[in-house]
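Peer 1: If you're matching them up, the sequences are chains A, B and C in order. In this text, residue positions in the first sequence follow the numbering used here: the first is 20, and each later residue adds one. In this text, residue positions in the second sequence follow the numbering used here: the first is 351, and each later residue adds one. In this text, residue positions in the third sequence follow the numbering used here: the first is 673, and each later residue adds one. We treat Cβ as the ideally placed atom computed from N, Cα and C, and that holds for glycine. In this text, all values refer to a predicted model and were calculated from it rather than measured experimentally. Got a structure here, written out as structure tokens. Questions coming.
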Amino acid sequence: MLRTEHLTKRFGGVTALRDVSIDLRPGEIHALCGENGAGKSTLIKLLAGVHPHGSYAGRIEVDGREARFRSTRDSAAAGIAVIYQELDFVDPLTVADNLCLGAEPRRFGVFLDRAALRARAVAALERFGARIDPDAPMGSLGVGDRQLVEIAKALARDSRILILDEPTAALAGREVDVLLATLVELRARGLACVYISHRLEEVRRLADRVTVLRDGATVATLTRAEADERTLVRHMVGRELTDLYARAPAVPGPVRLAVEGLSVADASGAVRLADVSFELRAGEVLGIGGLMGAGRSELLMHLYGAFGRRRAGRVLLDGRPLPAGGPRAALAAGLALVTEDRRRYGLVLAESIGFNLSLSALAAVARAGFLQRAAEQARNRQWLESLRIKAAGLDAVVGGLSGGNQQKVVLGRALMTGPKVVMLDEPTRGIDVGAKLEVYALVQRLTDAGCAVLLVSSELPELVGLSDRILMLNAGRVGGSFARGAATPEALMRAALGAAA
Amino acid sequence: MRAPRGSDLWVLLAVWAGLVALFGAFGPGFLSAATFGSVANRIPALLLTATGMTLVMVTGGIDLSVGSVLGLCGAVVGVTMVDAGGGLAAALAASIAVGTALGAANGLVSVKLRLPSFIVTLGMLEIARGLAFLTTHSQTKYIGAAVEGLGTPLAGLVVSPAFLIALAGVAAGQGVLSLTVWGRHLVAVGANAEAAAIAGIDVDRPRIWAHALLGALTGVAAVCNCSRLGSADPNAGVGFELSVIAAVVVGGTSLAGGRGSVAKSFLGVLIVATLEAGLVQLGASEPVKRVVTGGVIVAAVLADTWRRRA
Amino acid sequence: MRRLVLVAALAALLGGCQPSPPKPAPGSAARPKVALVMKSLANDFFATMAKGAREHQAAHAADYELLVLGIKNETDLAEQVNLVEQAVAQGAAAIVIAPADSKALVPALRRAQQQGVVIVNIDNRLDADAARAAGLSAAFVGPDNRDGARRVGLALAARLHPGDEVAIIEGVTTAFNGQQRRAGFEDAMQSAGMKVVAVQSGEWEMDKANGVAANLLTAHPGLKALLCANDNMAIGAAAAVAAAGKTGAVQVAGFDAIAAIRPLLADGRVAATADQHADQLAVFGIEQALATLRDGHPAGDRATAVDVVTR
Chain A
20 MLRTEHLTKR FGGVTALRDV SIDLRPGEIH ALCGENGAGK STLIKLLAGV
70 HPHGSYAGRI EVDGREARFR STRDSAAAGI AVIYQELDFV DPLTVADNLC
120 LGAEPRRFGV FLDRAALRAR AVAALERFGA RIDPDAPMGS LGVGDRQLVE
170 IAKALARDSR ILILDEPTAA LAGREVDVLL ATLVELRARG LACVYISHRL
220 EEVRRLADRV TVLRDGATVA TLTRAEADER TLVRHMVGRE LTDLYARAPA
270 VPGPVRLAVE GLSVADASGA VRLADVSFEL RAGEVLGIGG LMGAGRSELL
320 MHLYGAFGRR RAGRVLLDGR PLPAGGPRAA LAAGLALVTE DRRRYGLVLA
370 ESIGFNLSLS ALAAVARAGF LQRAAEQARN RQWLESLRIK AAGLDAVVGG
420 LSGGNQQKVV LGRALMTGPK VVMLDEPTRG IDVGAKLEVY ALVQRLTDAG
470 CAVLLVSSEL PELVGLSDRI LMLNAGRVGG SFARGAATPE ALMRAALGAA
520 A
Chain B
351 MRAPRGSDLW VLLAVWAGLV ALFGAFGPGF LSAATFGSVA NRIPALLLTA
401 TGMTLVMVTG GIDLSVGSVL GLCGAVVGVT MVDAGGGLAA ALAASIAVGT
451 ALGAANGLVS VKLRLPSFIV TLGMLEIARG LAFLTTHSQT KYIGAAVEGL
501 GTPLAGLVVS PAFLIALAGV AAGQGVLSLT VWGRHLVAVG ANAEAAAIAG
551 IDVDRPRIWA HALLGALTGV AAVCNCSRLG SADPNAGVGF ELSVIAAVVV
601 GGTSLAGGRG SVAKSFLGVL IVATLEAGLV QLGASEPVKR VVTGGVIVAA
651 VLADTWRRRA
Chain C
673 MRRLVLVAAL AALLGGCQPS PPKPAPGSAA RPKVALVMKS LANDFFATMA
723 KGAREHQAAH AADYELLVLG IKNETDLAEQ VNLVEQAVAQ GAAAIVIAPA
773 DSKALVPALR RAQQQGVVIV NIDNRLDADA ARAAGLSAAF VGPDNRDGAR
823 RVGLALAARL HPGDEVAIIE GVTTAFNGQQ RRAGFEDAMQ SAGMKVVAVQ
873 SGEWEMDKAN GVAANLLTAH PGLKALLCAN DNMAIGAAAA VAAAGKTGAV
923 QVAGFDAIAA IRPLLADGRV AATADQHADQ LAVFGIEQAL ATLRDGHPAG
973 DRATAVDVVT R
């Protein structure tokens, strides 16, 4: 029904997808598994027509004929419907309005035919027995119901191939059951479905076959019988750890950061971290692992005073409670953060390298509020060189730099404050191998100098290679804690998935 | 924020020089000390408020109430000097105090209550104008010689003390923006408030203070205005906010925040005022003046954006 | 007569929420409500007008109720139209209006008249053609702006020599009274043999007029006089003359005789202005309206005095 042959997709110098061939049969649920960054999203985007024909090598076939999607519309016309994690609805409109959005039935060409619209919506929802009020405002629906509406919308357009990207990531238990039951029923009617999920238990319950991707390539396609949890994890992690990440083990110093029984809720009151405790010593790297949404970034942002409300627990820096007062107080106390989303939280893109480097440490080069330009220039130049930032000069605009150089600017800004504890959130995401190695070297330099490092990374080999100890988070809780030797990728993955160790 | 370099300024300087040359060619008597004197002595209020407005707009805010606050501060000057018998110093102090208070109120309400400054200052526009009418009982106050000193051209010079004060204000404003830690914070907050907060910058206070500073400068501007006219008109400054914003935007300051230059706003004011003077001297009618002024504003902004892209 | 009863009933009905008038004579209707709709109450001229009207009402409290309404600024036509509609809604028996625009108010006033409201036009005369086309009949009570301006111009010309260059700073170009004043200035200058070298709009505002005057003074170094269509603009122009160091050499004339202009008249920086007796303008209008309500037939136009003031 749907087949890809030797799909290869490159972004600049990075190969996101390498020679991927999968096939999908009518009445089949085909699961895609892999670590973050394994190429699942890229594959979906090719199938959805987000990356048009011509931008990739290989073939996509629908019903035995080559499909050359130029846009998402072509893909939809071929019967493919992609249901993303983030669903776009017009919240103030009703469910029925949203179902027919863009294809509203009209009367006399101009007037909205409300009766026809509602009838069409009811029919679409009833096709798979979804119990959702078509007149309810979209915004009043929970995430699970919103997903069902999205599926109804796809069916209303006569889609025959559903692609679901981590549909259960944000769902509660009962909603998951409803969704899975819906998918099983749709399968019985001959629909084909590509199902992407980190939850191996769901995959095993649902999928007829599982394809595992790693580093953009197909590792294996397994039948349901073959796909036990252990096998899946082995295929997902797969590789041997190389010397690339090797860091000399630390000689741990005194405890720098102590987190005790920390529980944190977000602005809407939902608990994002529950009973998290750990210690971080001078000269040590503590790795924080886990899947997306496990609470890794939330942990760092909360320690930095930029996220959530503390429900319980305390945080001590050098034995003293970390002062409240947001990032300013955290920085002053010696805690620095390099955020995951550097373009949004890390940089003033329209400004120069010098502007960004200096931003957190202006006081040191100012007298009575006036900047000492010469001193500032000299300091910036020093950092530019020691971080080996490749740019025309300090005046180069940061927005024009490569990802790696941008990341070095963010690192420089954080380190210029002379922190005792450095928190790095995905410090190597989206940067090339050369820059990655420099980041690793920098981590080594920091710990040699007695800094303590808290490292969040989705790349298991990186996490294992750099960390002295690793804490795996699972749904806001500590899923497991591993010493350097004990942290096998399989064990980490199982801890992240919440499976018994 | 980098100090504006020659290359940042030359487009606007060229536009201004072009206008002067154009009017000089068509209007006999335009190229005279008297013309430049009359332009210079007319713009102190605009210069001072444009300086403050640039700082506010760099932080990503806007103040629509400057015209009304100018009217109110003028009314305060009138009441202080005519009804309370105060001197110029007392009037100046009262005017700055009122301006600062209203500016700070704009800043506090918009920043702390997370309301767009566009909306908050729109409300202040009405409030301040109403207060201006209330304080003067809607009557123009004739102050006379006591206030005129600032607005009268200096002996031997064609420009007034008010113009020199305004120039000092422009220089100080540019200095604050490009030479101080606070100025750096203004730019960072306006360009990317989230990143600024993560970088450990207090993102609220710079915005509040920028509004308050604009208020204070508006207070000084009101005194300059009164001294030029010898009287306080509670209707003064109706529509003034648009002139200020136009001049600042012509000077290349972004409405979205994060980018701006007081020095370039100065040139923006100069361009708008020269245009006005030239058109009157050519005898252009009111509608023609408006059409041409609007066209030049758009053209100047286009020229500046074009240069930035090139 | 039927209309009067209807109006009175309407007024009584809508005025029901107001405190009732003191002891109405048995059988007589409630006091009629007269709405005075003006331009900007922030303008001295109209503030004086409102004051005069309030004093008159206080002296004749038994005869009528007064409703004083004003707009935000001189050019806010839509707001004034709203005020007219508001006055009708509040049960006004008569509207005495100083229109912000000579034409734009006509439709709203006609609607009011169709609902039985008596309309009296003061200060700025409604455009005759527009009113006739709309079927609006409104008595006009007000000064002859053109004649007043002509006489101010002549008073000024007495200080000039034939052939001198003069310039006119007019008001908002669309306002009828502004046009009349400009025409009156031009009449005077022509008959006195002066040369009008420029006419520019100061939009009734002090600051605008100041800028215009400053530029006129540099563009026309031989300028001997600036004729301004109101006093606010005259104050602005006088300041520009002083800034150019030409006090005494360039004469300034205004119109309206507001309080703030007196010191300038006293020391000669402003040569002449016209007193339209703003306080009485509204009073005459109200009296005209009351007469119409009483007699049941429209009263005729009434010209009010304009006096030239030179000191």
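Can you tell me the Cα-Cα spacing of Arg-208 of chain A and Ser-94 of chain A, whole angstroms?
Peer 2: Residue numbering aside, residue 208 of chain A sits at position 189 when the first sequence is read from its first letter. Residue numbering aside, residue 94 of chain A sits at position 75 when the first sequence is read from its first letter. Cα to Cα, Arg-208 of chain A sits roughly 21 Å from Ser-94 of chain A.
Peer 1: Quick check on Glu-837 of chain C - is its C-beta less than 9 Å from some C-beta in chain B?
Peer 2: Here residue 837 of chain C refers to the residue found at position 165 of the third sequence. Output row for Glu-837 of chain C: interface = no.
Peer 1: If you run the structure through DSSP and keep just helix, strand and coil, what is Asp-859 of chain C?
Peer 2: Working through the third sequence from its first residue, we reach residue 859 of chain C at position 187. It is helical.
Peer 1: Could you tell me which uninterrupted alpha helix (DSSP H) segments, each at least 4 residues in length, are contained entirely in the stretch 362 to 406 of chain A, listed from first to last along the chain?
Peer 2: Within the stretch 362 to 406 of chain A, the complete alpha helix (DSSP H) runs of at least 4 residues are 372 to 377, 392 to 405.
Peer 1: Note down, in chain order, all residues in the stretch 785 to 803 of chain C with a beta-carbon under 8 Å from any beta-carbon belonging to chain B.
Peer 2: For the stretch 785 to 803 of chain C, which is checked against every Cβ of chain B, not one residue is closer than 8 Å.
Peer 1: Against Trp-532 of chain B, what residues of chain A qualify as contacts under a CB-to-CB distance less than 9 Å, listed in chain order?
Peer 2: Locating residue 532 of chain B in the second sequence gives position 182, where the first residue counts as 1. Within 9 Å Cβ-Cβ: Gly-388.
Peer 1: Is the beta carbon of Tyr-214 of chain A sitting closer than 9 Å to the one on Leu-174 of chain A?
Peer 2: Taking the first sequence and counting its residues from 1, one reaches residue 214 of chain A at position 195. Taking the first sequence and counting its residues from 1, one reaches residue 174 of chain A at position 155. Cβ distance not < 9 Å, so Tyr-214 of chain A and Leu-174 of chain A don't count as in contact.
Peer 1: Taking only beta-carbon positions, decide if Arg-831 of chain C is within less than 9 Å of chain B.
Peer 2: Your numbering for residue 831 of chain C matches position 159 in the third sequence. Chain B, which has no Cβ nearer than 9 Å to the Cβ of Arg-831 of chain C, makes this no.
Peer 1: Compile a chain-ordered list of the residues in the stretch 720 to 741 of chain C whose CB is closer than 7 Å to at least one CB of chain B.
Peer 2: Hits within the stretch: zero.
Peer 1: The ligand FAD and Leu-319 of chain A: does the residue's C-beta get closer than 8 Å to at least one heavy atom of that ligand?
Peer 2: By its list of ligands, the structure shown contains no ligand whatsoever, and the ligand FAD lies outside what it can speak to.
Peer 1: Is Pro-13 of chain A buried or exposed, if buried means 16 or more other CB atoms sit within 10 Å of its CB?
Peer 2: What the structure shows of chain A is the stretch from 20 to 520, and residue 13 of chain A is not part of that stretch, so it cannot be assessed.
Peer 1: Along the stretch 536 to 552 of chain B, what residues have a CB closer than 8 Å to any CB found in chain A?
Peer 2: Within the stretch 536 to 552 of chain B, the residues whose Cβ lies closer than 8 Å to some Cβ of chain A are Val-537, Ala-538, Ala-541, Asn-542, Glu-544, Ala-545, Ala-546, Ala-547, Ile-548, Ala-549, Gly-550, Ile-551, Asp-552, listed in chain order.
Peer 1: Chain B beta carbons: is any one of them nearer than 9 Å to that of Arg-347 of chain A?
Peer 2: Counting from 1 along the first sequence, the entry for residue 347 of chain A is found at position 328. With 9 Å as the cut-off, Arg-347 of chain A counts as an interface residue toward chain B.
Peer 1: Is Thr-399 of chain B closer than 9 Å to Thr-568 of chain B when the C-beta atoms are compared?
Peer 2: Residue numbering aside, residue 568 of chain B sits at position 218 when the second sequence is read from its first letter. Residue numbering aside, residue 399 of chain B sits at position 49 when the second sequence is read from its first letter. Yes; because the gap between Cβ atoms is below 9 Å, this pair is in contact.
Peer 1: Report the residue from A:Leu-305, A:Val-357, A:Val-229 whose alpha carbon sits nearest the alpha carbon of Phe-501 of chain A.
Peer 2: Your numbering for residue 501 of chain A matches position 482 in the first sequence. The shortest C-alpha separation from Phe-501 of chain A is found at A:Leu-305.
Peer 1: In chain A, which residues lie less than 8 Å from Arg-609 of chain B when you measure between Cβ atoms?
Peer 2: By one-based count along the second sequence, residue 609 of chain B stands at place 259. Here the neighbours are Ala-369.
Peer 1: Are the C-beta atoms of Met-878 of chain C and some chain B residue less than 9 Å apart?
Peer 2: On the third sequence, position 206 is the one that residue 878 of chain C refers to. Chain B contact via Cβ: present.
Peer 1: Check the Cβ of Leu-463 of chain B against every Cβ in chain A and list those closer than 7 Å, keeping chain order.
Peer 2: Numbered from 1 along the second sequence, position 113 holds the residue referred to as residue 463 of chain B. Residues of chain A passing the Cβ test: none, with the nearest at roughly 17 Å.
Peer 1: To which residues does DSSP link Phe-501 of chain A through a beta bridge?
Peer 2: The sequence position of residue 501 of chain A within the first sequence is 482, counting from 1. A:Ile-489, per the DSSP bridge assignment.
Peer 1: Cβ of His-969 of chain C less than 9 Å from any chain B Cβ?
Peer 2: The count along the third sequence starts at 1 and reaches residue 969 of chain C at position 297. It does not: the Cβ of His-969 of chain C has no partner Cβ on chain B nearer than 9 Å.
Peer 1: What is the DSSP secondary structure of Tyr-323 of chain A, counted as helix, strand or coil?
Peer 2: Reading the first sequence from its first residue, position 304 is the one you call residue 323 of chain A. Note: Tyr-323 of chain A maps to coil in three-state DSSP.
Peer 1: May I have the straight-line CA-CA distance separating Pro-511 of chain B from Gly-499 of chain B, to the nearest angstrom?
Peer 2: Taking the second sequence and counting its residues from 1, one reaches residue 511 of chain B at position 161. Taking the second sequence and counting its residues from 1, one reaches residue 499 of chain B at position 149. The straight-line gap from Cα to Cα measures roughly 8 Å.
Peer 1: Quick check: Pro-438 of chain A and Leu-350 of chain A, are their CB atoms within less than 9 Å of each other?
Peer 2: By 1-based counting over the first sequence, the position of residue 438 of chain A is 419. By 1-based counting over the first sequence, the position of residue 350 of chain A is 331. Taking 9 Å as the Cβ cut-off, Pro-438 of chain A and Leu-350 of chain A qualify as a contacting pair.
Peer 1: Looking at C-alpha atoms only, which residue of B:Gly-587, B:Ala-597, B:Gly-533 is the closest neighbour of Gly-388 of chain A?
Peer 2: Along the first sequence, read from residue 1 onward, the residue named residue 388 of chain A stands at position 369. Among B:Gly-587, B:Ala-597, B:Gly-533, the Cα nearest to that of Gly-388 of chain A belongs to B:Gly-533.
Peer 1: Quickly, what does DSSP pair Pro-394 of chain B with across the bridge? List them, please.
Peer 2: Within the second sequence, the letter at position 44 stands for residue 394 of chain B. DSSP, once it has assigned bridges, lists no residue as partnering Pro-394 of chain B.
Peer 1: So what does DSSP say about Ile-151 of chain A, is it helix, strand or coil?
Peer 2: What you label residue 151 of chain A is simply residue 132 of the first sequence in a count that begins at 1. Residue state, collapsed to three classes: coil.
Peer 1: Can you tell me which of the three DSSP states Ala-650 of chain B falls into?
Peer 2: Sequence index remark: in the second sequence, residue 650 of chain B carries index 300 (1-based). Here Ala-650 of chain B sits in helix by DSSP.
Peer 1: Count the other C-beta atoms from every protein chain shown that fall within 10 angstroms of the C-beta of Pro-111 of chain A, then say buried if there are 16 or more, exposed otherwise.
Peer 2: Here residue 111 of chain A refers to the residue found at position 92 when the first sequence is read from its first residue. Exposed, because fewer than 16 other Cβ atoms sit within 10 Å of the Cβ of Pro-111 of chain A.
Peer 1: Report, in whole angstroms, the separation of the C-beta atoms of Ile-48 of chain A and Arg-206 of chain A, which I expect to be a contact under 8 Å.
Peer 2: To locate residue 48 of chain A, count along the first sequence from 1; it is residue 29. To locate residue 206 of chain A, count along the first sequence from 1; it is residue 187. Right, their Cβ atoms sit about 6 Å apart.
Peer 1: When you compare only the Cα positions, how much space is there between Glu-145 of chain A and Asp-177 of chain A?
Peer 2: Here the question's residue 145 of chain A lines up with position 126 in the first sequence. Here the question's residue 177 of chain A lines up with position 158 in the first sequence. The alpha-carbon atoms of Glu-145 of chain A and Asp-177 of chain A are separated by roughly 14 Å.
Peer 1: Along chain B, in chain order, which residues have C-beta atoms closer than 7 Å to that of Gln-872 of chain C?
Peer 2: Along the third sequence, one-based indexing puts residue 872 of chain C at 200. The contacting residues are Val-630.
Peer 1: Going along chain B in order, which residues have a C-beta closer than 8 Å to the C-beta of Asp-716 of chain C?
Peer 2: One-based indexing of the third sequence puts residue 716 of chain C at position 44. Ser-488, Gln-489, Thr-490, listed in chain order.
Peer 1: Does the beta-carbon distance from Ala-776 of chain C to Val-753 of chain C come in below 9 Å?
Peer 2: Stepping through the third sequence from its first residue, residue 776 of chain C is reached at position 104. Stepping through the third sequence from its first residue, residue 753 of chain C is reached at position 81. Result yes, Cβ atoms of Ala-776 of chain C and Val-753 of chain C sit closer than 9 Å.
Peer 1: With 8 Å as the C-beta to C-beta threshold (strictly closer), list the residues of the stretch 702 to 715 of chain C near chain B in chain order.
Peer 2: Listed by position, the residues of the stretch 702 to 715 of chain C near chain B (Cβ gap below 8 Å) are Ser-712, Leu-713, Ala-714, Asn-715.
Peer 1: Under the DSSP definition of a beta bridge, which residues are partnered with Phe-812 of chain C?
Peer 2: Working through the third sequence from its first residue, we reach residue 812 of chain C at position 140. Per DSSP, C:Asn-793.
Peer 1: Look up Phe-590 of chain B in the DSSP assignment and say whether it is helix, strand or coil.
Peer 2: Start at 1 with the first residue of the second sequence, and residue 590 of chain B comes out as number 240. Helix, per DSSP.
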